[in-house]
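K.L.:
Let me give you the structure first, and then I'll get to my questions.
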Amino acid sequence: MNSLADRLIVSELDSLQREAALDSQRWAARKASAQQSVKPTEPTPDPLIRMGEFYLGVSVDEGKLLYNLARSSGAQCIVEFGASYGISTLYLGAAARDSGGQLITTEVHPDKCRATRAMIGRAGLQDHVTLLEGDALETLRAVDEPVGLLFLDGWKGLYQPMLELMLPKLSAGALVAADNVDHEAAAPYLALIEADQRFVTTLVGDMALSCFTG
Ligand SMILES: C[S@@+](CC[C@H](N)C(=O)[O-])C[C@H]1O[C@@H](n2cnc3c(N)ncnc32)[C@H](O)[C@@H]1O
């Protein structure tokens, strides 16, 4: 079974990827309006809730890599930190469905949660994907089954505490995939995982793939 060929999933991926391709125009518009603004911008009440208009999604190649890793490992419990509008969620959710497993994904931005929850339903993945709304460092405490694949793609400065939270939940042989580790804020995460001899880490582009040997 290849859910990436499913017409509902193909249609959702197409429209998300079209929207995500406009992120660079959104950046330009934001910069221009910041330069014109005479007033300081409104402070965001919660520093985690920002960038609501940006998709920040994985590329097609990264998405397929995530599908392949999740599907070939047969992980029954996949956890995602940072869904945004759900591009990577579709790839991981498709793999979860094809392996008869579950994806638990997380998102803190309320607008993104609304959109992503609706998108999961339209894609027909509601039986295999659960979206936890709120700070993933809180919501993921509730995960009480062995995690076979952990995908880190939320704010990079939280990768280290996220790894510390999820470490006791990883099954032996679990894979931890962390995106954008070239980002300065991900340095403490990389230092931690590279120093821990239970992990074998390799870099694929800007994604760190680490096998938890148990
Ligand atoms: C790079 S985007 C994720 C892109 C997504 N994985 C994709 O490929 O489409 C990062 C997302 O993580 C979310 N995020 C950041 N910190 C979070 C937290 N503590 N808990 C839950 N979500 C968080 C942000 O709101 C943002 O939407």
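Be aware that the sequence shown starts at 246, since it is given in our numbering, and climbs by one per residue. Just so you know, even glycine gets a beta-carbon here, dropped at the ideal spot from N, CA and C. The model shown is predicted, which means the values in this text are computed figures rather than measured ones.
(1) Just list the residues that DSSP pairs cysteine 456 with in beta bridges.
(2) Which of the three DSSP states is assigned to glutamate 390 in this structure?
(3) From this set, Met364, Gly308 and Ala387, which residue's C-alpha is nearest alanine 234's C-alpha?
(4) Would you kindly report the start and end of the unbroken alpha helix (DSSP H) that includes glutamate 439?
(5) Just tell me which of Cys358, Cys456 and Met246 has its CA closest to the CA of glycine 418.
(6) Which residue from Leu301, Gly338 and Leu395 puts its Cα closest to that of arginine 271?
(7) In terms of residue numbering, what span does the beta strand (DSSP E) encompassing isoleucine 294 cover?
(8) Which residue wins for smallest C-alpha separation from alanine 360, given the options Glu264, Leu310 and Leu420?
(9) Please determine whether the Cβ atom of tryptophan 272 lies at a distance below 6 Å from any heavy atom of ligand 1.
(10) Quick one: what's leucine 403 bridged to in DSSP?
(11) Any chance the segment 383–393 sits against the segment 346–365, with 3 or more Cβ pairs inside 8 Å?
(12) Do glycine 399 and methionine 364 come within 7 Å of each other at the CB atom, strictly closer than that value?
P.N.:
Working from what's here:
(1) Leu420 and Val445
(2) coil
(3) Shown here, the chain extends from 246 to 459; a query on residue 234 therefore has no answer.
(4) 432–440
(5) Cys456
(6) Leu301
(7) Premise fails: isoleucine 294 is in no beta strand (DSSP E) and is neither H nor E.
(8) Glu264
(9) no
(10) Paired residues: none, contrary to the question.
(11) yes
(12) no
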